[in-house]
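In my numbering, the protein residues as written are 13 to 191. Don't be surprised by glycine CBs; every beta carbon is placed ideally from N, CA and C.
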């Protein structure tokens, strides 16, 4: 049910996307140019058949890394909280979960507009800010930096001894720094 969402994570067209375009009758794609989509890759049947969020707000094992349940947090000075930053499924970009308290964000989408089958959270005011096309499932969204761009902004925290390196072969990994 979340097929539409897969095209957002990569610039490549997957074989499924090309087949869909061919089925419209308007396109005759060259399938040798297709690349597999990272979204849902290797997740199994549960990813396709199950809900993205279960038990009032938990990401099931088959959805980990593709869907998220960390609400978007903004600091008092208007910056996005570092705890909100993760990776999108292709691991080439940093992202932020688009799960939002719709009662406090002026997005044009209100919790009352989310159809009941797609209300995944115990608190009905929470939902995906940007993705009604993905059955209102919250996803790592919003590009927070291209890990493969050597000229991109570098995160560095000398107090923690953390430095970020970027280049063509760099990838994003969700890591919790514990001291």
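Supposed close pair residue i, residue j - CB separation, criterion 8 Å
i, j, result
"residue 158", "residue 105", "6 Å"
"residue 27", "residue 46", "4 Å"
"residue 178", "residue 162", "5 Å"
"residue 108", "residue 84", "6 Å"
Beta-carbon proximity of residue i to residue j, cut-off 8 Å
i, j, result
"residue 186", "residue 49", "no"
"residue 80", "residue 151", "yes"
"residue 113", "residue 75", "no"
"residue 153", "residue 142", "yes"
"residue 43", "residue 33", "no"
"residue 147", "residue 133", "no"
"residue 204", "residue 89", "Here the chain has residues from 13 to 191 only, and residue 204 is not among them."
Where residue i falls: helix, strand or coil (DSSP)
i, result
"residue 101", "coil"
"residue 139", "strand"
"residue 146", "helix"
"residue 128", "helix"
"residue 27", "helix"
"residue 190", "Any answer about residue 190 is weak, because its pLDDT of 48 lies below 50 and its placement is not dependable; what the coordinates show is given next. Of the three classes helix, strand and coil, the one that applies to residue 190 here is coil, per DSSP."
"residue 16", "Because residue 16 sits at a pLDDT of 44, beneath the cut-off of 50, its placement in the model cannot be relied upon, and the point is left open."
"residue 22", "Annotation note: pLDDT 49 at residue 22 (below 50); position unreliable, coordinate value reported separately. DSSP places residue 22 in coil when its eight states are reduced to three."
"residue 57", "helix"
"residue 114", "coil"
"residue 63", "coil"
"residue 172", "Note that residue 172 has pLDDT 48, beneath the 50 cutoff, so the model's placement of it is unreliable and the number below is only indicative. Residue state, collapsed to three classes: coil."
"residue 35", "helix"
Option nearest residue i by Cα separation, candidates the options
i, options, result
"residue 51", "76, 101, 34 and 40", "101"
"residue 60", "69, 38 and 78", "78"
"residue 25", "160, 140, 149 and 41", "41"
"residue 160", "103, 68, 36 and 72", "103"
"residue 71", "149, 164 and 127", "149"
"residue 67", "176, 135, 126 and 140", "135"
"residue 116", "139, 37 and 128", "139"
CB contact check: residue i to chain C, cutoff 8 Å
i, result
"residue 52", "Of the protein chains in this structure there is only one, and it is not chain C."
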